[in-house]
Every structure is written in C-alpha cells, then in structure tokens.
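Residue numbers (UniProt numbering), protein chains in the order written: chain L, 1 to 241; chain F, 1 to 241.
2 protein chains.
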Amino acid sequence: MLIRTPVAENGTRCSTCALGQICLPVGIAAEDATRMDALVSERVRIPRGKLLYRQGDPLTTVYGVRFGTLKTVLTLQDGRSQITGFHLPGEIVGLDGLGKMAHVSDAIALEDSEACVLRFDELQELARELPSLQIQIMRLMSNEISRDHDMLVMLGAMRAEERLAAFLLNLSQRMSTRGYSATEFLLRMSREEIGSYLGLKLETVSRLFSRFAESGFIQVKQRQVKLVDMDALRQLVGSRC
Amino acid sequence: MLIRTPVAENGTRCSTCALGQICLPVGIAAEDATRMDALVSERVRIPRGKLLYRQGDPLTTVYGVRFGTLKTVLTLQDGRSQITGFHLPGEIVGLDGLGKMAHVSDAIALEDSEACVLRFDELQELARELPSLQIQIMRLMSNEISRDHDMLVMLGAMRAEERLAAFLLNLSQRMSTRGYSATEFLLRMSREEIGSYLGLKLETVSRLFSRFAESGFIQVKQRQVKLVDMDALRQLVGSRC
DNA sequence: CGACGTCTTGAGACACATCAACAAACGTGG
DNA sequence: CCACGTTTGTTGATGTGTCTCAAGACGTCG
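(1) Just the C-alpha distance for F/Ser146 and L/Asp148, rounded to the nearest angstrom, thanks.
(2) Any chance you could list the alpha helix (DSSP H) runs of at least 4 consecutive residues sitting entirely within the stretch 67-131 of chain L, in chain order?
(3) Out of F/Arg48, F/Ile46, F/Gln82, which one is the CA nearest neighbour of residue 299 of chain F?
(4) Strictly below 8 Å CB to CB, what residues from chain F border L/Met189?
(5) Thinking F/Cys23 and F/Gly90 are a contact (beta carbons under 8 Å), I'd like their distance in whole angstroms, please.
(6) Which residue comes first and which comes last in the beta strand (DSSP E) that contains F/Leu52?
(7) Given L/Phe212, which residues of its chain have a CB within under 6 Å of its CB, disregarding the five upstream and five downstream residues?
(8) Give the straight-line distance between the Cα atoms of F/Val65 and F/Leu76, rounded to the nearest whole angstrom.
(9) Return no unless some Cβ of chain F is closer than 7 Å to the Cβ of L/Asp148.
(10) The alpha helix (DSSP H) that contains L/Phe185, what's its start and end?
(11) Applying a beta-carbon distance threshold of less than 7 Å, which residues of chain F neighbour residue 272 of chain L?
(12) Just to make sure I have the definition right: I need the residues of chain L whose C-beta is within less than 8 Å of the C-beta of F/Val228. Which are they?
(13) Please list, in chain order, all residues of the same chain as F/Asp57 whose beta carbon is under 7 Å from its beta carbon, the five residues on each side excluded.
(14) Is L/Ala208 helix, strand or coil when you go by DSSP?
(15) Grab me the residues of F/Arg174's own chain with a C-beta within less than 7 Å of its C-beta, minus the 5 sequence neighbours each way, in chain order.
(16) Taking only three categories from DSSP, how would you classify L/Arg45?
(17) For L/Ile3, count the other beta carbons within 10 Å of its own beta carbon; 16 or more makes it buried, fewer makes it exposed. Which is it?
(18) Ordered along the chain, which non-local residues of its own chain (more than five positions away) have a Cβ less than 6 Å from that of F/Lys50?
(19) In chain order, what residues of the stretch 194-208 of chain F put their CB closer than 9 Å to some CB of chain L?
(20) Could you tell me the distance, in whole angstroms, from the CA atom of L/Cys17 to the CA atom of L/Thr34?
(21) For the beta strand (DSSP E) holding residue 268 of chain F, just list the boundary residues, first then last.
(22) Quick check: the stretch 36-50 of chain L against the stretch 106-125 of chain L, are there 3 or more CB pairs under 8 Å?
(23) So what does DSSP say about L/Thr60, is it helix, strand or coil?
(24) According to DSSP, simplified to helix, strand and coil, what is L/Arg35?
(25) For L/Leu171, is the classification buried or exposed, using 16 other Cβ atoms within 10 angstroms of its Cβ as the cut-off for buried?
(26) Below 8 Å CB to CB, which residues in the same chain sit around F/Phe120 once its five sequence neighbours on both sides are set aside?
(27) Under DSSP, the alpha helix (DSSP H) around F/Thr177 begins and ends at which residues?
(28) Between F/Glu184 and the rest of its own chain, which residues show a CB-CB distance below 6 Å, the 5 nearest in sequence each way excluded?
(29) Taking the alpha-carbon of F/Val117 as reference, which of F/Pro131, F/Ser206, F/Gly94 has the nearest alpha-carbon?
(30) Over the uninterrupted beta strand (DSSP E) stretch that includes L/Arg4, give me the two end residues.
(31) Note down, in chain order, all residues in the stretch 128-147 of chain F with a beta-carbon under 8 Å from any beta-carbon belonging to chain L.
(32) According to DSSP, simplified to helix, strand and coil, what is residue 243 of chain L?
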C-alpha cells in the first residue's frame, strides 16, 4: 500500500546521513557506521494521513523517521484514543512493540513523510557485532522510557496551562536540535491532536493558545507559532521537562 | 547506607531462582542461564521507606527486585511528584536512567525488600555473548515502554473510576503471575500513593474504594482488598490494560 | 493509654469538559 | 479563478468530575 523504495547503491545511508548525530548512528565510530549502511536497504514514503503500521500488525521492522512528522496513537475499544508521541526526523518508532513482536499502536503521518526501514533481526545481528550499536539501541529505548515518565508527570501532576507550556518548550528544543528555529515553527498537528497528547480537549487547547498570546508569551497564526517569551513559559512549567 | 550482601558460593542465582520465568532469565537456555549467575554477585536489602537510588545518582547498576515492593517517583522542583511505577519481584528497575547514565527517579521500598545488583557493564558484556539475553533485555525495555503508554492512556483518556478499576485488575494480574491469589491481596501502598500513580488525590481514591465496595465489586478492609466481581471491574475499564 | 499517621466522609469551589454557534482556512471541481 | 462543502479553529454559556478544605474515625505503635 505504501510505496517502498530501495536505496540506491550510492544513495545516502547511515554513514552519510545528515541525521547521524540524532539518530541510530550516535556514538558509533565512522568505520562501524559504514557497516550500518547495510541495514537501510529500503525506505517508505508515508503520505499525510496514512498509516505506517497498525496496532496488532506483526513486527519485523522498526523505522527511523527521515523527514516529516508521525504520531503514534493508542486506541481503546470504545473508540477513545490517546496520542503517545509525536515523532520528528531522527527518531526511531516501533520499539514499543518489540516485547510482543507486534505493534501496539498506530503510526500515522502528520505530513508527507519518509522513514528508513530497519529489519529487526538484522539490527539485532549487527548489534551483537558492534557493541556501540547495542549501547545506542539501549540508550534510545531508555530515553523513550524516560520521556514517557516525563509525560506521566505532565498528565498526572500538571494543570492544563503547564502542560501546554511544557509541550511548546519541548517542541522548541527538539526543533532546535534539528537545526530549525527554536522560537518559530509550524505545528504539524491539529489542536485536537495536541489535546489528545496532553489529555485535554481541543477547546481547552485553543483557549490556552489565545490566553498565551494575550499574555504576550507567544504569537499564533493558525499553526504557525512564535515563542516570544520563553522564560515566561519556563516559569509556567516551573521546572524541568 | 543500605546493606549489601555478597551472594554465597552456593546461594540462589539466576539459574536456580524461582523468579526465572518472570525476570531476566526468561527465554534463556539452561546452559546460558548458568553464565548469568556470575552477574549477581551481591544483593541489597532495602528497609521499608528507604531509597534504593535517588534521582541524579550516577548509574552503574540496575536492580532486579527479589522480594518486596518498590515505587519509582519523579519529583518536580516545586515539590509535586508523580509515582511512575510500582515494582514487584522479578521486575528490573533503573533502566530508565541508562540513556543519561544517571538515575532519573527515586526508587523507594514500600515494604522491606531485596534486590539483585546488576552491574550494567557486565550485563552489557554478557549480552554480547548471549544473543538471547540481548533480546530479553530489549524485550524488557520494550515492555516498559508499552506499559508506560498504557499509563498515558489511563491518565489522558480515562476517568477516575476507570483508572482505579484498571489499576486493581493490573495488580491482580501481576500478583497472579507471581503465584499469589488474583482476587485477594494486600496493597503495599497508601491511598495517597495510589492517587499519585493514577493522577488523583487520596480522597478521590478513598471515595472510589468505598463506592466499589458499596456496588459489590470489591471488599476492602484497610489495605486488604478482595476482588469480588472482576467482570464488573473489567466492564468499568471497558477494554484492555 | 495517648499520639501519630492513615483513612473516610461531607460541603463547597474550581478547572476543565460539554454543548453550541460561528468564523476562518482549505480543498475540490466546475 | 470562484463557489461550494468540509475541516479546523475560536469563543461563549453552562455543566460536572475531581480537588480543596475540614472534621472525625480508625489503626498502630511507642
């Protein structure tokens, strides 16, 4: 259904990828990185709104986001759903399903996106030979656990205002790591999706945007946001995250 | 501060541990499991209320709970805190700090407990030689991510009643895997701790217990609970988790 | 026995949800 | 390019689930 394209002989792979300092190759020596190139033999394009994988699908591959943005969504039987993450270039998605060898969430593109396909068995195999890769995989998973715990704090202990401020600051930080402006960016997700992620309703999110704008913390025009007073936002959060 | 005891030459180790089918050795062949014995050269006792590790501590070891119950807590600068997990025997704690090589939460004993000390570098080393151990570590981490996502759904999309029902069912299931009764058990945590975990106040938790008891779903006497009508609880949750 | 921590229960407050109307932006096909 | 329907976002009025504050009961342990 999705278009899978083999990577050209001389195409960009891990060892030459611009995301090298964010993605899987972090901390891996140049000579080892070339061995990782064999991992990425194909990529998938995911048009906006389409699913990369679906809850329950057998898991044989995980994915590295190459460009675009994905969301991962967990759906309850009664139809209620929760977005568990927004995924930017350089992030690995699908790791949550490794334990069951089946995907436990849906992954959906928020804009036209592309992902590197990583066969899990090959990844496993190579990790055995490259200790630094093994460490990096564990580090990535550990960081995801740690991020999830931060989210638990947000949902469990913060008020709506604090959650949105933390969300904006977190996004800002991630955009900036990827070479984009830390203060001005385009939200790829709707108010409803932000709400789902933060455990709020879209109306609440919308009101908060308006309130933040009135207070002069941010400027908003549709999905284009500009963080004007990051310190004020930080003060709202009061702390880490 | 905590008492660390070397494991006796002929003491119980991984290959002979009763928790073998829950803990690290899952899926590892008998002859390989004996090699894991070398990993567990000491154990720690954590008396009730004491910390096993603290947010910010450098991470050189992770821990396998041997008996007792631990909670992991994330604290914000303003003092608010969130319990990110309750940990029963056979569970590995500390994995969330691997990425930063420092602990990102406090681990505190809810009752007198004991944990196996696993040096991370040794674990890493052995995982390289035993592919099945490498897989098992990844599986454990993946399961933790997946559990955290389930928690996100609870905190983001469920009402108080549903959260408590899901909590009780989850605890029931975990007790039963460990050979305890699935319907009758002692809560090792206070109402306030349950509340912190579920993103609720202790009064709300207390009221819900009373309400569930009135409805005949459960019987409660202090921390002793008996699940009388599990189907009713499942219906409350309406779904998975 | 008294002192302390834990739990229960009630009354009232408040943050966020719900319901509803409208406005703005977007996409599509003529 | 415009007209149209659809999706997405804004804002207001009202409702409600959970929190807050408070008092008292229970259980535990010195």
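The beta carbon of each residue, even a glycine, is placed where N, CA and C say it ideally should be.
Walking through what the data contain:
(1) Roughly 10 Å separates the two Cα atoms.
(2) Counting only runs of 4 or more, we get 120-129.
(3) As shown, chain F starts at 1 and ends at 241. That puts residue 299 of chain F outside it, with no answer to give.
(4) Near L/Met189 there are no residues of chain F at all, since even the closest Cβ is about 15 Å away, more than 8 Å.
(5) By a beta-carbon distance limit of 8 Å, F/Cys23 contacts F/Gly90. Their separation comes to about 4 Å.
(6) Taken as a continuous stretch (DSSP letters only), the beta strand (DSSP E) holding F/Leu52 covers 51-53.
(7) Excluding positions up to five away in sequence, the list reads Ile218.
(8) Whole-angstrom Cα-Cα distance: 26 Å.
(9) Nearest CB-CB separation between L/Asp148 and chain F: below the 7 Å threshold.
(10) Segment 184-186 is the beta strand (DSSP E) holding L/Phe185; no alpha helix (DSSP H) there.
(11) Coverage of chain L is limited to positions 1 through 241, which leaves residue 272 of chain L absent and any answer about it impossible.
(12) Per Cβ cutoff of 8 Å: no residues; F/Val228 is ~24 Å from chain L at best.
(13) In its chain, beyond the 5 residues on either side, Ala102, His103 have a beta carbon closer than 7 Å to the beta carbon of F/Asp57.
(14) It should be noted that the sequence gives Leu, not Ala, for residue 208 of chain L. DSSP places L/Leu208 within a helical segment (H, G or I) once states are collapsed to three.
(15) Result list for F/Arg174: Leu88, in chain order.
(16) In this structure, L/Arg45 counts as strand in the three-state DSSP scheme.
(17) L/Ile3 counts as exposed, since fewer than 16 other beta carbons sit within 10 angstroms of its beta carbon.
(18) Non-local beta-carbon contacts of F/Lys50 in its own chain, meaning distances under 6 Å to residues more than five positions away in sequence, involve Ala109 in chain order.
(19) Residues Ser196, Tyr197, Leu198, Gly199, Leu200.
(20) Their Cα atoms are separated by approximately 11 Å.
(21) Residue coverage of chain F in this structure runs from 1 to 241, which leaves residue 268 of chain F outside it and unanswerable.
(22) Counting Cβ pairs under 8 Å, three or more are found: they touch.
(23) L/Thr60: coil per DSSP, three-state reduction.
(24) If DSSP states are grouped into helix, strand and coil, L/Arg35 belongs with the helices.
(25) Buried.
(26) Leu59, Thr60, Thr61, Val62, Leu98.
(27) Counting along the chain, the alpha helix (DSSP H) containing F/Thr177 begins and ends at 160-177.
(28) Listed in chain order, the non-local C-beta contacts of F/Glu184 below 6 Å within the same chain comprise Lys226, local neighbours out to five positions each way being set aside.
(29) Check the Cα spacing between F/Val117 and each of F/Pro131, F/Ser206, F/Gly94: the tightest is with F/Gly94.
(30) Its beta strand (DSSP E) spans residues 3-6.
(31) Taking a C-beta cut-off of 8 Å against chain L, the contacting residues of the stretch 128-147 of chain F are Arg128, Pro131, Gln134, Ile135, Ile137, Met138, Arg139, Leu140, Met141, Ser142, Asn143, Glu144, Ile145, Ser146, listed in chain order.
(32) A question about residue 243 of chain L goes unanswered here, because the residues of chain L that appear run from 1 up to 241.
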